[in-house]
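In my numbering, the protein residues as written are 2 to 115.
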């Protein structure tokens, strides 16, 4: 069904018309074929956009670069969500730590003066 090489990539829209599946289902199917059934399916994010059978090293590297960029974007979003969600809690914890250090220093100073 899929054609060989990135120059012959088939868009999700084209595959949707041929197969009758949504683009999301097509993405899931291509991932399943690659992950569980040994197919070497690439996805081009530059024209011509779409899915294809990887036949050359350059196509493999292009697909791997796209996947790495997607992974890095997900990691950045993961970190940002955690940072943003816990920002107030971390700020309060830091303030509490500073107060504790200040109180411990005051206590130590008083103990030295006794």
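Ideal Cβ placement from N, Cα and C applies to all residues, glycine included.
Extent of the continuous alpha helix (DSSP H) to which residue i belongs
i          : result
residue 29 : 24-38
residue 19 : 13-20
Beta-carbon gap between residue i and residue j smaller than 9 Å
i           : j          : result
residue 16  : residue 52 : yes
residue 61  : residue 54 : no
residue 57  : residue 21 : no
residue 116 : residue 30 : Absent from the model: residue 116. The displayed extent of the chain is 2 to 115, so no value can be given.
Residue range of the beta strand (DSSP E) that includes residue i
i         : result
residue 6 : Note, residue 6: premise wrong, no beta strand (DSSP E); not H, not E.
Residue i, buried or exposed, once every other Cβ within 10 Å from all chains shown has been counted against 16
i           : result
residue 115 : exposed
residue 64  : buried
residue 102 : exposed
residue 27  : buried
Review point. Is the region 5-13 touching the region 38-50 in the sense that three or more CB pairs, one from each, lie closer than 8 Å?
Key: Put simply, the region 38-50 touches the region 5-13. At least three CB pairs are less than 8 Å apart.
Review point. In chain order, which beta strand (DSSP E) runs of at least 3 residues are fully inside the region 44-79?
Key: List check, beta strand (DSSP E) in window: 51-54.
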